[in-house]
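Read the structure below first, then the notes.
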Amino acid sequence: MIEKTKLSNAEAVQNWLGSGKSAAVVGEELGITANLLYAWRKVVPAVAGGRATAAKPGSAADLQGQLDASQREVRHLREQCTILKKTLGILSEPSSNGMNGSMR
C-alpha cells in the first residue's frame with residue numbers, strides 16, 4: 001500500500017513537470033495543494049532529477065515558480081473573500097417587501 005502511494009505521488013509530480021502547467025493548476029486538477037506537489041518533488045528526486053529542465057530546490061527558477069503559484073493563490077483567496085463579503089452584505093440587508101415583522 002505504501003508503494004502505491006509513492007507511485008501516485010511520483011505520477012502526480014511527473015504529470016505536473018511534464019504538463020508545462022503551474023503547480024497550482026495541476027494541484028487543483030488533482031485535488032491537492034501546490035505545496036504538496038513541491039514537497040513530493042523533493043521527496044521523489046528520481047522524477048525531478050530525470051528532467052534536464054527541472055529547477056533545483058532553492059534555485060531562482062524554483063523560487064519564481066513558488067512565488068507565482070503563491071500570488072495566484074492569494075488572488076484566488078481575495079476573490080473568494082470579496083464574494084463572501086458581498087454575499088454577507090446581501091443577506092444582511094433588510095427585506096424590501098414591507099413586511100418587517102408587522103402583521104397589519
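Okay, so the sequence shown: first residue is 1 according to the working numbering, each after it adds one. Just so you know, even glycine gets a beta-carbon here, dropped at the ideal spot from N, CA and C.
Beta-carbon separation (whole angstroms), Trp40 vs Asn15, contact threshold 8 angstroms:
11 angstroms between Cβ atoms; not a contact.
For the structure I just gave you, are there three or more beta carbon pairs, one from the stretch 76-83 and one from the stretch 31-38, closer than 8 angstroms?
no
CB of Ser22 within 9 angstroms of CB of Ala69, strictly:
yes
Give the secondary structure of Gly31 by DSSP, where H, G and I count as helix, E and B as strand, and everything else as coil.
coil
Could you tell me the distance, in whole angstroms, from the CA atom of Gln66 to the CA atom of Ser19?
16 angstroms
Where Val47 and Val13 are concerned, what is the direct C-alpha to C-alpha distance, given to the nearest angstrom?
Legend: pLDDT at Val47 = 46, less than 50; position of this residue unreliable, no value from coordinates given.
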